[in-house]
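Residue numbers (the numbering used here), protein chains in the order written: chain A, 347 to 645; chain L, 916 to 1351; chain W, 4 to 303.
Where a beta carbon is used, it is the ideal one built from N, C-alpha and C, also for glycine.
One structure is given below, encoded as structure tokens.
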């Protein structure tokens, strides 16, 4: 039986062939550039570790690091909360909700629209003087003066978090539901017979069995979240206003590379970001599979 | 059986894939033969000139438009490698300086172009901007884009007692005078400008200096620092309609009164003036104004300025430089073509032999019959050449940001300037920034 | 059951005063359900409104759009269409996008399933290292790879073809990761053992057992892959040169650089034409997933 394991290589070979050529090569080139003063054109000169030294003392990068975490954290908590609640409701055998296909599609819609349209739309909605949101709040008498949402650091960050939640909760919901659909109905029927309540069913059956899928969502959301970029860029002036609160790590990277032409330094920023992502992903892995390495399986 | 099926499916997939690719490369092969000249730009402005050029010379030209935001991203790798590159490409003022120095454009000062001979024939600052750091001409432009202040005649008459552009311009010939006018406007319920960003073009004052001088030092002139106070004054005294440039309310304010909410009150106000250059008339005002056509005029502000502009040149690795330069020549030196182009579009030309003959009989209905051509030509000669640097766009953004911080009261003037210095240094580690 | 009754009581109490019928025991179950529906529909509206605005704006003239938001359709759709078509051939872009996205989805789905299966059910040297390496590579920000990617395509002579847009889909780490996680929860190794004893070859087992079990997950990922490829802007922009090969998003970029940009109605119409088809495709695929789920449960 054991010699069958060599088939593993055949299964993963095509992937690695393509991956090596199209992903690893460009990324490795970036790594090389991070030791140079490359400006995106012309010749690159090696400068040793200068870019990395600069990175360690760069207050704007630190600022970007915390901003990114704040924006992503709020968004992730909301998005996962919503996705799990929805999954709990739709997988509940007692409620037997109809129209899951419909709701799933509708909730996913915000994700279909390209990010530039999303930014345009919310730019108009959140407009200080003429935005629909302020008009509505003023009519309801909740506020007397219009709030300049995108001009205050806290509200600007919160706005981005909420827009991200709006865009992505449908996506997380679909992924969670795909995982739930892989769980045998027998478990739920047994739980129903045993008289377990909704919360017990959810926390004792659904969550443990979903662990691999939840890990997937957490890791991908972390990677995506730490690479947050286009929304902060498009919502204000592109350099992270107000007061640097929308300056995220990749926005910083992008500006260094494509606006200021410090391509070499931007490459170092990219690897700084990479190391940070790596550390936090390791934490998530550890947190989820700290003691037992085996995944629960369907019997 | 299943295995055969899956192999079959996969092979179909692969065949489809390669068929798709090969059929495409075939069409591209044909396409390349058909086209004599390839031109890249970020607007469709050149569409008509290209048609004229094709008819005149019996050639086929392909125009590729890349949106301005992605233009440098797309162009850079192509120009670096020369694969699939255009023969002629345009550059906008924002990245012009970088590109003339990068050597992507053919040196037009050399034979057979000898563009240096043309220097007298152009508006000085325009010709100057197309030169690289060694003074060689790399790109030329057919237009000049000086700016002015467009205002509403009816409001001027009511508040200032006259709508004559010269007299109104006189009333706004310094920042102090602008504030006098703004106060008068406010007392009658009008807003001087849509927002405080409008005056950023006058920051140079009467002391125009480049952001970074030839000693590689960042220069924040006193005039530029004063601009901070002017902006704050505009905001604090409620002289504007709080409608930021390009926002929906900014457009709306051109034609009708807009609502402003401030200090718990809501008022309706009409905007008196917009600070825009030559192209602002055709592509901004005319396309958005319906009701107040004919009620506008243009005049000069506290100091001359220019905003935008398109240059074009020949790619230095092009296989077809002769034809490419022929096109550049038509766009920038052809009397007949430029005359009709200017009459058709209202574009203000930088090529003096043509402007001399056509400037006198211009009049624009939108501006109540004013000869804006003459006005802008006069403005363009007042612009100081040599103050554009490759840092301008980014430093303007960073400085505008600092001004905003001060205007909204988040930072003191000193703090805002300090932060500007820090950010400028961060963006450009090589330049020397005053230590404060 | 305590939790449930408490919820039911609190919910029914609030309604009690208004209606007598709803306090009847028979109806009691449906009240929270009704509330859930109300909340779900409210959320659906929030998600749908921008989409609706876009569709409505596609039918309105430029001036109308600038003068404010409304959900009442205008009558300028024909003019908008003509303006748009005078600048770009949107249907050619449509065809190009479709070819690319379909091939990308197929490649990504098949090869990711293959790789995920290899990672999940074989023990071989370097497996864990490779898997971790793949995950690690996902974490490098992609923005900077662009110049290297371009150089690569130049050296391979595949610029201005669809190859750099399609082939890389065969290596989609996110999809591999998801499918591996999924198949670990859904496919028990004993099933594979059983098939081996029956004499099935390895690739046969993969095609006849693993693929059907993974199908809902593959379909889910296919939706994301398809949409990602459909909306991909920067890659085709950088790699393609011939206008007749441009994809929809690149053509939309064309519109932004043209006089049409002054005409917001045409812009919205262009965006709508590019979004509506994926919405339809999405609804179709969504149903397909539901079907495959129920099919799976019948089998068990």
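- Annotation: residue 531 of chain A to residue 443 of chain A spans about 16 Å, alpha carbon to alpha carbon.
- Residue nearest to residue 376 of chain A within the set W:151, W:134, W:78 is W:151 (criterion: CA-CA distance).
- In the structure shown, residue 1222 of chain L adopts coil according to DSSP, grouped into three states.
- Think of a sphere of 9 Å around the beta carbon of residue 150 of chain W: the chain L residues whose beta carbon falls inside it are 991, 992, 995, in chain order.
- For residue 1004 of chain L, there is no enclosing alpha helix (DSSP H); the residue is found in the beta strand (DSSP E) stretching over 1003 to 1007.
- Residue 1068 of chain L sits in a helix when the DSSP states are folded into three classes.
- In terms of Cβ geometry, residue 1038 of chain L and residue 1323 of chain L do not form a close pair [threshold 8 Å].
- In the three-state DSSP reduction, residue 1237 of chain L falls in the helix class (H, G or I).
- Measuring C-alpha to C-alpha distances from residue 195 of chain W to each of W:146, W:209, W:183 identifies W:209 as the nearest.
- Closest in C-alpha terms to residue 595 of chain A, from the list A:453, A:446, A:414, A:562, comes A:414.
- Within chain A, the residues 601, 602, 605, 606, 608 have their CB atoms less than 8 Å from the CB of residue 1342 of chain L, given in chain order.
- By DSSP's assignment, residue 1037 of chain L forms a beta bridge with L:1266.
- At a C-beta separation below 8 Å, residue 351 of chain A has these neighbours in chain W: 125, 126, 127.
- Taking each of L:1014, L:970, L:965, L:989 in turn and checking the Cα distance to residue 1306 of chain L, the smallest one comes out for L:1014.
- In the three-state reduction of the DSSP assignment, residue 1294 of chain L falls in the helix class, which pools H, G and I.
- Of the candidates W:229, W:205, W:83, W:112, the residue whose Cα lies closest to the Cα of residue 276 of chain W is W:83.
- Taking 8 Å as the CB threshold, residue 455 of chain A lines the interface with chain W.
- For residue 1228 of chain L, DSSP records a beta bridge to L:1004.
- In this structure, residue 598 of chain A lies away from residue 468 of chain A, with their beta-carbon atoms at least 8 Å apart.
- Where residue 573 of chain A is concerned, there is no enclosing alpha helix (DSSP H), because DSSP gives it neither an H nor an E.
- Proximity of residue 999 of chain L to chain W, defined by a Cβ-Cβ separation below 8 Å, is satisfied.
- The Cβ-Cβ distance between residue 475 of chain A and residue 1106 of chain L does not fall below 8 Å.
- With a cutoff of 8 Å on beta-carbon distance, residue 199 of chain W and residue 119 of chain W are scored as not near each other.
- Contact between the region 1274 to 1289 of chain L and the region 1081 to 1101 of chain L is absent, with fewer than three C-beta pairs closer than 8 Å.
- For residue 981 of chain L, the closest alpha carbon among the candidates L:958, L:1183, L:1016 is that of L:958.
- Counted as a single uninterrupted DSSP element, the stretch harbouring residue 90 of chain W is not any beta strand (DSSP E), since DSSP gives it neither H nor E.
- The beta-carbon distance between residue 271 of chain W and residue 252 of chain W, rounded to whole angstroms, is 15 Å. This is too long to meet the 8 Å contact definition.
- Straight-line measurement puts the Cα of residue 1349 of chain L at about 7 Å from the Cα of residue 1336 of chain L.
- Cβ neighbours of residue 524 of chain A within its own chain (closer than 8 Å, five residues either side excluded): 559.
- Proximity of chain A to residue 1158 of chain L at the Cβ level (cut-off 9 Å) is accounted for by 475, 476, in chain order.
- Around residue 609 of chain A, the same chain offers 379, 384, 385, 386, 603 as residues with beta carbons nearer than 7 Å, after the five sequence neighbours per side are excluded.
- Using a Cβ distance threshold of 8 Å, residue 1257 of chain L and residue 1269 of chain L count as a contacting pair.
- Going by C-alpha positions, residue 80 of chain W is about 16 Å away from residue 258 of chain W.
- Residue 979 of chain L sits in a strand when the DSSP states are folded into three classes.
- Proximity of chain A to residue 185 of chain W at the Cβ level (cut-off 9 Å) is accounted for by 524, 525, 528, 558, 559, 562, in chain order.
- Shown in chain order are the members of the region 1135 to 1167 of chain L whose Cβ falls below 9 Å from a Cβ of chain A: 1156, 1157, 1158, 1159, 1162, 1163, 1164, 1167.
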